[in-house]
Amino acid sequence: MLFLEETLRNIVDLAILLFEYIGVGIIIFAGIRGMIHYIKRDPNTKLLLAKGLAMGLEFKLGSEILRTVVVRKLSEIYIVAGIIVLRAILTILIHWEIKNDEGHLMGGEADSP
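Just so you know, we're using the UniProt record's numbering here: the sequence shown kicks off at 1 and counts up by one.
Have a look at this one:
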């Protein structure tokens with residue numbers, strides 16, 4: 001039984017690292033792409049950057065959800081839950097901003113939060 005638990009822990013730890021790296025890579029790529037579009041004075045810069053940040057945060061949120069599988073103490077659960085809540089709020093705000101920016105680009109009215 002200990003072998004299975006250790007195997008699960010190793011697999012989850014590897015998946016957490018993979019999701020974290022993917023999320024960081026996407027955020028870095030989005031930042032570089034956003035800077036290039038900003039220099040070119042592209043009106044869609046804010047929207048492109050927000051979409052990249054949202055995608056990166058989704059992967060980082062996935063890694064935090066996986067982290068709940070391997071926590072052992074209640075205090076760790078509180079910390080992970082707090083991180084999940086903060087990242088979820090950030091993701092919701094970024095998606096709301098994307099929706100508003102797309103509405104402005106389409107000529108429509110923006111929704112209120």
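C-beta atoms are modelled at their ideal positions from N, C-alpha and C, and glycine is treated no differently.
For residue i, three-class secondary structure by DSSP
i, result
"Lys51", "helix"
"Asn44", "coil"
"Met1", "coil"
"Lys60", "helix"
Distance between residue j and residue i (C-alpha atoms, nearest Å)
i, j, result
"Ala54", "Ser75", "28 angstroms"
"His37", "Ile26", "16 angstroms"
"Lys60", "Met106", "30 angstroms"
"Ile98", "Asn10", "37 angstroms"
"Lys40", "Ile94", "23 angstroms"
"Gly23", "Leu17", "10 angstroms"
Sub-8 angstroms separation of residue i and residue j beta-carbons
i, j, result
"Phe29", "Gly52", "yes"
"Asp90", "Leu57", "Per the sequence shown, the amino acid found at residue 90 is Leu instead of Asp. Their beta carbons are under 8 angstroms apart, which means Leu90 touches Leu57 by this criterion."
"Ala15", "Leu66", "yes"
"Val80", "Val71", "yes"
"Glu64", "Ile92", "no"
Closest by C-alpha distance to residue i, when choosing among the options
i, options, result
"Tyr21", "Arg72, Lys73, Gly34, Gly62", "Gly62"
"Gly34", "Ala81, Thr45, Ala88, Gly82", "Thr45"
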